[in-house]
Amino acid sequence: MAEKPAVTAHGYCTNTTPVPGTIRTANAKNTGPKFFHLHGRRYGECACGKEVSLTERDNLRRHTPPQE
């Protein structure tokens, strides 16, 4: 991760593709019915170093890079 993605004027990261091999699924099956909507949510890591949830098309959601 030598090159960090660009940042927009509003402070959001411009990268939409996760780093290959970092996609994981959150298992919230045992947390109860209140948090059951979290089950099956997929997360991926951005090149900026932040872990972000994925859209249906396996793209990263809009996010701000971590503070240095």
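In our numbering, the protein residues as written are 1208 to 1275.
No residue lacks a Cβ here, since even glycine has one placed at the ideal position from N, Cα and C.
>> If you reduce the DSSP assignment to three classes, tell me which class Thr1232 lands in.
In response: The count along the sequence shown starts at 1 and reaches residue 1232 at position 25. Correct three-state label for Thr1232: strand.
> Should Asn1222 be labelled buried (16 or more other beta-carbon atoms within 10 Å of its own) or exposed?
Replying inline: Along the sequence shown, read from residue 1 onward, the residue named residue 1222 stands at position 15. Result: buried.
> Which residues in the same chain have their Cβ closer than 7 Å to the Cβ of Glu1252, if we skip the five residues on either side of it in sequence?
Replying inline: Here residue 1252 refers to the residue found at position 45 when the sequence shown is read from its first residue. Apart from the 5 residues on each side of it in sequence, Glu1252 sits with its Cβ closer than 7 Å to the Cβ of Pro1225, Val1226, Thr1229, Glu1258 in its chain, given in chain order.
> Quick one: is Pro1272 buried, meaning 16 or more other Cβ sit within 10 Å of its Cβ, or exposed?
Replying inline: Position 65 of the sequence shown, counted from the first residue, corresponds to residue 1272. Pro1272 is classed as buried because its beta carbon has at least 16 other beta carbons within 10 Å across all chains shown.
> Could you give the distance in angstroms between the alpha-carbon of Asn1234 and the alpha-carbon of Gly1218?
Replying inline: Residue mapping note: residue 1234 aligns to position 27 of the sequence shown, counting from 1. Residue mapping note: residue 1218 aligns to position 11 of the sequence shown, counting from 1. Distance between the alpha carbons of Asn1234 and Gly1218: 30 Å.
> Between Tyr1250 and Arg1264, which are expected to be in contact by the criterion C-beta below 8 Å, what is the C-beta distance as a whole number of angstroms?
Replying inline: Residue numbering aside, residue 1250 sits at position 43 when the sequence shown is read from its first letter. Residue numbering aside, residue 1264 sits at position 57 when the sequence shown is read from its first letter. Rounded, the Cβ-Cβ distance is 15 Å, inconsistent with contact.
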